[in-house]
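Counting from 806, one number per residue, gives the positions in the sequence shown under the numbering used here.
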Amino acid sequence: MTSHSPTATTWVQLLTLTLLFALQPLSTDFYLPTLPGISEHFQVSVAQTQMTLTIFVIAFGIAQLIAGPLSDRFGRWPNTVAAGLLYTGASLSCALAPSLEVLILGRLLQAVAACMALVNARAIIRDNYGPQDGARLIAKSGSLMSIAILLGPPLGGWLQTAFGWRAAFLALSLVGIFTLIAVSSLIKETNPYKNPQATHPVFLLASYGAVLRHPRFIAYTAAQTASYAGLFAFLSGSSPVLQKVLGFSAQQYGLFFSACAVGYLIGTFVCRKALSSYGLFKTMHLAALIVLIGGLIMAGLALAGIKHGAAIGVPMFIYMIGHGVGTPCSQVGAIAAFPTQAGSAAGLMGFLQMCGASAVGLWMGMSFDGSVFPLTLTIGACAIILFLVVFALVGRHGQLH
């Protein structure tokens, strides 16, 4: 493995990797303010509309089981180009969807493309960097990605108000075109271990079995899954709570969401500083503590009967700081032990993470009862689980040598 200092990575390369990472959050954050508009347009319930989000997560998770091995077999470059092509076409199909069923299908294809982009970006970093430098690079990419996430919901809310829900998907189509141009011209092949057997069913099962048996993979993947589950509860459950229960407009919700996302941006900066001072292992523990504080405050305020946007926004801001600190560490920690199976390990980690998110998304859709409790208590529970996982499993198996 060739190791480089993150400072040797050009801004152009960093921005290209950031685009690959950003397709998934943009695909959700950008259209969240349009969910009520989609529900009204197709005359369906909140739970039915949230299927456009849930199916995205399910497809994103399952697709990683094959996206990783494809990356190990054929290389990073052809897979990232295919991701850009598919994402652009899927986004256009969503924008032109004549029915909710077609929109759900488009979201499924959009998820597959975003999945391919993310898995290959993680594998590219694993190909070229050690754990410490890799986590620092992901944090730096996360800082840049946060800018796009911050702009996404307000812009989506404005597009919904001005032009209707289809405009958000047209904008995502433009993102897909830009990504395709960037990856086709700037991404170079980094996989030195192309394995023609990587997608063979027998080899694939054996490979995934080996990855699943590794205690460090289990520890960091469980931590990533718990942290993301709390975030996904907010992604899938905050729009109806804030707009239908607390009376926010689509634009107000977009601004509220962006304010919470600033926490993630701050977290990525904290991560980079903490990695330099304490290393990856201790930084992961810091992240779990911050997330726990945010989750407990949110649940406590709800149980105390405080029904206000700030009672959700301020604790979620804290939670997002912790998520920004921990995500680069858990992503790198989970796949650090697999130099020849980086794609498969990254794909399996993502699959398990999305299984947790899918369960939370289904729960949020079914449990919405016109109150803040399903949202706030679910996020609080995820924070407690993350804390226990980090101090029990990562604490025991998470040291990187």
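Built from N, CA and C at the ideal position, the CB exists for glycine as well.
For the pair G1129 and T1183, the CB atoms are not nearer than the 8 Å cut-off. With three or more CB-CB distances shorter than 8 Å, the segment 1118–1127 counts as touching the segment 1059–1077.
Here G1014 is exposed. Its C-beta has fewer than 16 other C-beta atoms within 10 Å.
Counting C-beta pairs with one atom in each stretch, the segment 1147–1165 and the segment 867–887 have three or more that are closer than 8 Å, which means they touch.
By the neighbour-count criterion, in which 16 or more other beta carbons inside 10 Å mark a residue as buried, M1089 falls on the buried side.
Remark: C-beta atoms of G889 and M1159 do not approach each other more closely than 8 Å. DSSP, read as helix, strand or coil, puts W816 in helix. For N933, the secondary structure class from DSSP, reduced to helix, strand or coil, is helix. When DSSP states are grouped into helix, strand and coil, F1053 belongs to the coil group.
G962 is positioned such that its CB atom lies closer than 8 Å to that of Y1058. For the pair L840 and T859, the CB atoms are not nearer than the 8 Å cut-off.
Inclusion of A928 and A1107 in the CB contact set at 8 Å is not warranted, their separation being larger than that value. Nearest to G1166 by C-alpha distance, out of V817, S978, G1131, V862, is V862.
For A926, the CB contacts under 7 Å within the same chain, skipping 5 residues up- and downstream, are L822, L825, F826 in chain order. From the listed residues L960, N933, T1004, I909, the smallest Cα separation to F879 is found for T1004. Taking the C-beta atoms as reference points, H1113 is found no nearer than 8 Å to W970. In the three-state reduction of the DSSP assignment, H1090 falls in the helix class. The residues R881, I929, D932, N933, in chain order, have a CB closer than 7 Å to that of T995 in the same chain once the five nearest residues on each side in sequence are set aside.
CA-CA distance, I1140 to D938, rounds to 14 Å. Taken atom to atom, the span from the alpha-carbon of W1168 to that of T857 is near 15 Å.
In this structure T1181 is in contact with M1103, their Cβ atoms being roughly 5 Å apart against a cut-off of 8 Å. With contacts defined by Cβ atoms closer than 8 Å, S951 and L1070 form a contacting pair.
The continuous stretches of alpha helix (DSSP H) do not include W970, and DSSP gives it neither H nor E. Judged by beta-carbon spacing, A1142 lies beyond the 8 Å limit of Y1033, meaning their Cβ atoms are not closer than that value.
S946 and V1199 have their C-alpha atoms some 24 Å from each other. Here Q1136 carries a helix assignment [DSSP, helix/strand/coil]. Within its own chain, the residues whose Cβ lies closer than 7 Å to the Cβ of L1047, once the five positions on either side in sequence are excluded, are F1053, Y1058, F1061, G1114, listed in chain order. Counted as a single uninterrupted DSSP element, the stretch harbouring I1111 is not any alpha helix (DSSP H), since DSSP gives it neither H nor E. Using a 10 angstroms sphere on the CB of D877, the tally of other CB atoms reaches 16 or more, which defines it as buried. Proximity to T833 across L1191, F1039, C1134 peaks at F1039, based on C-alpha coordinates. Around T1145, the same chain offers Y998 as residues with beta carbons nearer than 6 Å, after the five sequence neighbours per side are excluded. Under the criterion of beta carbons closer than 8 Å, A940 and P1133 qualify as touching, at roughly 4 Å.
Exposure of F968 is indicated by the presence of fewer than 16 other C-beta atoms within 10 angstroms of its C-beta. DSSP places V862 inside the alpha helix (DSSP H), whose first and last residues are 856–879. If you check the CB distance, V1177 and V1096 do not come in under 8 Å.
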